[in-house]
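Protein chains: 2
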Amino acid sequence: MNIDSLYSELTLDTKAKMVMIVLDGIGDIATREQKYLTPLEAAKTPNLDALAKDSAQGRMIPVAPGITPGSGPGHLGLFGYDPLEFQVGRGVIEALGLGIELKAGDVAARANFCTLDPKGIVTDRRAGRIETEVCEELCALLSRKIKKIGDAEIIIKPGKGHRFVVIFRGKGMEGPLTDADPHREGFPVPKVEAVNVKSAKAKKAAKLIADFYKAALPIIKDRKPANGFLMRGIAHQPAIPLFVDRYKLKPACIAVYPMYKGLAQLVGMKKIEGPQTIAEQFECYLTEHANYDFFFIHYKYTDMHGEDGNFNAKKKAIEDFDAALPILLKKKPDVIVVTGDHSTPCSMKGHSWHPQPVLLHSATSGSDKLKRFTETGANSGSLSVFDSKFLIRLMQANAKMFDKFGA
Amino acid sequence: MNIDSLYSELTLDTKAKMVMIVLDGIGDIATREQKYLTPLEAAKTPNLDALAKDSAQGRMIPVAPGITPGSGPGHLGLFGYDPLEFQVGRGVIEALGLGIELKAGDVAARANFCTLDPKGIVTDRRAGRIETEVCEELCALLSRKIKKIGDAEIIIKPGKGHRFVVIFRGKGMEGPLTDADPHREGFPVPKVEAVNVKSAKAKKAAKLIADFYKAALPIIKDRKPANGFLMRGIAHQPAIPLFVDRYKLKPACIAVYPMYKGLAQLVGMKKIEGPQTIAEQFECYLTEHANYDFFFIHYKYTDMHGEDGNFNAKKKAIEDFDAALPILLKKKPDVIVVTGDHSTPCSMKGHSWHPQPVLLHSATSGSDKLKRFTETGANSGSLSVFDSKFLIRLMQANAKMFDKFGA
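As structure tokens, then:
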């Protein structure tokens, strides 16, 4: 019997409220340089400490041992979808990051302007890192000139610097496609092809992109240095079973950054717009408490400072979160989870594979008798090490949403 | 390669003796109300403590994260059978609980007397909770009048109060079937149907049960208040590979309660009748030591008091078990396991999904340097968290029953 079918069969209707707080990239590693303390260990977190006393802890593997996830697989795992089964291409992630609302079947490409010589050879892959304003102007120009190709709608959105995104919205297309990018200078832009040569849908998408190149290149051919463009991570938005159908929970996303709103939207969460700080996000939870069952609250700064290798700033971000926590607890949900989508160790200045710590608090979580929420404490917690994709199942169990299996 | 094939291939013939002691529902959670101690932590267990010193510990997931098992899946997991692959219906469990020896293919229904109005509407689902004696008399009457329907033998056994069990022993039948129970009053008894509409065997069983209703209802129609009956959890006894074939171990069950004897019998264990206390169960092990290789010793009271939410009684049950333990150790087996089939936290008054602690002692278990056997200690044990279905494989390894895999 399929395990997801079992969970579905056993699911009961309850009035439980659950909150999953994602401190992006929270997990870290202890090093000699930082006196063997992680930012979570070094931070002063009186409110989290109080919660930890009556909580269970453990660590989660976002994808598989040793695999470092991007934000896409990291969050899909947290939302309970196997990141190997539900893959979201970089083009899609990039589009979500720009706040573009994708539809199932949309093919998205991550693109950037480049410089081509008269023979079409790439001489600068980033077009001299043009200013965002130039990129915006070029995208506006292309958008005006190319609205449709055949039946397909073309959506072009500028990003930062030389980066932009192109969405191909038509029927019967899919990714992934090979990159229109030689990945080094001195070579021409290769034609995109279907990764799966048997997919007629991918071939259709590849043809459309070739047509897009034919239409777009003449428009910018005299622009210097941005007289060409590259495309990568070309993929379609996968059809993902809706969160509400999977869990019988009405979900809301309270995030600040577009990418996380986009990832939440992929699984059908309602985006709640407005809040800009973690305190405002918690206030927003209080306001919306009655309207949803499940709240995904995303906090970016732990990851951002981890990526910068700024230990003190990551520690401070944790303390800021902790200071705001009492707002959430004014209407304490039945189940609270505090975790990350992956680790972002300061000493590595990037995402990593280290299982992230997780804290789960409910009336039935029991206490692991740990005084604080830390990586080291989580190692000896009762939740042990488990795959992220089971986190919401454990939250549901703690909310008494599952009937007993068998007599 | 299938993992079970690998285990089989590597299995060596040894003279090892193993004992699996199942303290039913032993796992618990630490709560503020009980000063953050579980019953296992609060109990005085000098004998278990001495064993723990030279043992490995860990925690086991009975079915899957967040899934609370009944006794059926809980024990099948302990016996090494994936509870999702081998599902045992409620009717079968109920029959086992009444000590009925089922044969593979028997279809069993959990039944109870009810009250019907002249139009066949259920007016009392429990027939005013008739006395056990009345139920016994009605079952005896039905048994006398209905011995067979067509080729199928009909076996009717009374339970407690208004409850009874009906076994349909014939050829070419299977479950599961829908319930002959409206699950509320004011409705007629629905006809049972095959859950899998494509199963001819299930349709045959459904027809037989319809015939049984036609034969049985007229016999009790003038009885008040028990003039009708409901049937639920109608399923067949699944064919389960025999324990002796799977493990090359001759198994015996030393249990007091019929359901556990029945579950052991499902996988082909020999039931040893007689002992009523844990001390007597251990004495029985001493007597039977030479006759079997594997002893499943079941202790019910930890679960019973957990279900009642009686912390002190659960603690006392653990102490009673501990006091009897030296009897077993007079003929120390090569491998001893102490665990549960699932957790039954007192604060939840029922089974739960929390991984149960497990202790494994052998000459090769090593020591986890834990002074006691507790949930918190088990969290940091060398066995870590694993699925129950691997427990006997670990016992076999500790008994040096597996050859090396590969060179």
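Chains as they are written, first to last, in my numbering: chain A, 8 to 414; chain B, 8 to 414.
Just so you know, even glycine gets a beta-carbon here, dropped at the ideal spot from N, CA and C.
Source: prediction; values computed, not measured.
Interface residues of chain A around B/Pro80 at Cβ under 7 Å?
Those within 7 Å of B/Pro80 in chain A are Phe412 and Gly413.
Take every Cβ of the stretch 23–31 of chain A, pair it with every Cβ of the stretch 82–93 of chain B, and state whether three or more of those distances are shorter than 8 Å.
At 8 Å Cβ cutoff, the stretches do not touch.
Quick one: what's got a C-beta closer than 7 Å to A/His312's C-beta in the same chain, skipping five residues either side?
Ala320, Lys321 and Ala324, listed in sequence order.
Inter-residue Cα distance where the pair is A/Ile156 and A/Ala118
Rounded to whole angstroms, A/Ile156 and A/Ala118 show a C-alpha spacing of 18 Å.
At least one CB of chain A closer than 9 Å to the CB of B/Gly373: is that the case?
For B/Gly373, the nearest beta carbon of chain A is not closer than 9 Å to its own beta carbon.
Per DSSP, B/Asn119 is paired with what?
Beta-bridge pairing links B/Asn119 to B/Arg170 and B/Leu237.
Can you tell me where the beta strand (DSSP E) holding B/Gly65 begins and where it ends?
It spans Ser62 to Ile68 - the beta strand (DSSP E) in which B/Gly65 sits, taken as one unbroken run.
Which runs of the alpha helix (DSSP H), 4 residues or longer, sit entirely within the stretch 271–328 of chain B?
Here the runs fully enclosed are 285–295 and 308–314.
How far does the beta strand (DSSP E) with A/Glu382 in it reach, from first residue to last?
Counting along the chain, A/Glu382 falls outside any beta strand (DSSP E), though it belongs to the alpha helix (DSSP H) covering Glu382 to Asn386.
May I have the straight-line CA-CA distance separating A/His190 from A/Gly235, to the nearest angstrom?
The alpha-carbon atoms of A/His190 and A/Gly235 are separated by roughly 14 Å.
Output the boundary residues of the alpha helix (DSSP H) element that contains B/Thr130.
Segment Val129 to Asp131 is the beta strand (DSSP E) holding B/Thr130; no alpha helix (DSSP H) there.
Tell me whether A/Leu145 is buried or exposed, calling it buried when 16 or more other Cβ atoms sit within 10 Å of its Cβ.
The Cβ neighbour count for A/Leu145, taken over all protein chains shown within 10 Å, is at least 16; the residue is labelled buried.
Among the candidates B/Glu16, B/Ala37, B/Asp20 and B/Met27, whose CA atom is the shortest distance from the CA of A/Lys376?
Comparing C-alpha distances from A/Lys376 to each of B/Glu16, B/Ala37, B/Asp20 and B/Met27 shows the shortest one belongs to B/Ala37.
To be precise: take each residue of the stretch 380–407 of chain A, compare its Cβ to all Cβ atoms of chain B, and keep it if any distance is under 7 Å. Which residues remain?
Correct list: Ser387, Gly388, Ser389, Ser391, Phe393, Phe397, Arg400, Leu401, Gln403 and Ala404.
When the Cα of B/Ile216 is compared with those of B/Asp188, B/Thr284 and B/Lys42, which residue comes out closest?
Checking every option, the nearest Cα to that of B/Ile216 belongs to B/Asp188.
Flag this pair as touching only if the stretch 132–152 of chain A and the stretch 203–215 of chain A have three or more C-beta atom pairs under 8 Å; answer yes or no.
Contact between the stretch 132–152 of chain A and the stretch 203–215 of chain A is absent, because fewer than three Cβ pairs lie under 8 Å.
Straight-line Cα distance separating B/Asn9 from B/Gln363
Here the alpha carbons of B/Asn9 and B/Gln363 stand approximately 27 Å from one another.
Same chain only: Cβ atoms within 6 Å of A/Ala23, ignoring 5 sequence neighbours per side:
So the list reads Asp341 and Ala406, once near-sequence residues are dropped.
On the three-state DSSP scale, how would you describe A/Asp394?
In the three-state scheme derived from DSSP, where H, G and I count as helix and E and B as strand, A/Asp394 is classed as strand.
Within 9 Å of any Cβ in chain B, is that where the Cβ of A/Lys376 sits?
Taking Cβ atoms only, chain B reaches closer than 9 Å to A/Lys376, which makes this a yes.
Between B/Ser206 and chain A, is the shortest Cβ-Cβ distance under 9 Å, so that the two count as touching?
No, because no Cβ of chain A sits closer than 9 Å to the Cβ of B/Ser206.
Which residue wins for smallest C-alpha separation from B/Lys338, given the options B/Thr284, B/Phe302 and B/Gly193?
Out of B/Thr284, B/Phe302 and B/Gly193, B/Phe302 has the C-alpha closest to the C-alpha of B/Lys338.
Kindly give me the distance between the Cβ atoms of A/Phe412 and B/Ile74, rounded to whole angstroms, as I take these residues to be in contact under 8 Å.
Between B/Ile74 and A/Phe412 the Cβ distance is about 5 Å, and since that is below 8 Å, they are a contact.
Would you give the residue range spanned by the alpha helix (DSSP H) that A/Leu215 belongs to?
Its alpha helix (DSSP H) spans residues Ala207 to Ile227.
Hey, could you find the ends of the alpha helix (DSSP H) B/Leu47 is sitting in?
Run containing B/Leu47: Pro46 to Ala49, per the alpha helix (DSSP H) assignment.
Which residue from B/Gly269, B/Tyr308, B/Asn317 and B/Arg170 puts its Cα closest to that of B/Asp329?
The residue with the shortest Cα to Cα distance from B/Asp329 is B/Tyr308.
B/Pro333 in three-state terms, based on DSSP
B/Pro333 falls in the helix class under three-state DSSP.
Name the DSSP beta bridge partners of A/His368, please?
DSSP, once it has assigned bridges, lists A/Ser62 and A/Ile343 as partnering A/His368.
On the DSSP letters alone, give me the boundaries of the beta strand (DSSP E) that B/Ala159 sits inside.
Per DSSP, the unbroken beta strand (DSSP E) holding B/Ala159 starts and ends at Ala159 to Pro165.
Over what stretch of residues does the beta strand (DSSP E) that includes A/Cys142 continue unbroken?
Run containing A/Cys142: none in the beta strand (DSSP E); it sits in the alpha helix (DSSP H), Thr139 to Lys152.
If B/Phe120 sits next to B/Ile137, beta carbons under 8 Å apart, how far is it from one beta carbon to the other, in whole angstroms?
Going by Cβ atoms, the distance from B/Phe120 to B/Ile137 rounds to 6 Å, so yes, they are a contact pair.
Using a Cβ-Cβ distance cut-off of 9 Å, determine whether B/Arg97 contacts chain A.
Chain A, which has a Cβ nearer than 9 Å to the Cβ of B/Arg97, makes this yes.
Three-way DSSP call (helix, strand, coil) for A/Gly34 in this model:
Of the three classes helix, strand and coil, the one that applies to A/Gly34 here is strand, per DSSP.
Let me check one thing: in DSSP terms, what residues is B/Cys353 bridge-paired to?
DSSP lists no partner for B/Cys353.
Using a Cβ cut-off of 9 Å (strictly closer), state whether A/Phe86 contacts chain B.
For A/Phe86, the answer is no, since every Cβ of chain B falls outside 9 Å of its Cβ.
Using the Cα positions of A/Glu280 and A/Ile261, report the straight-line distance between them to the nearest angstrom.
Distance between the alpha carbons of A/Glu280 and A/Ile261 is about 7 Å.
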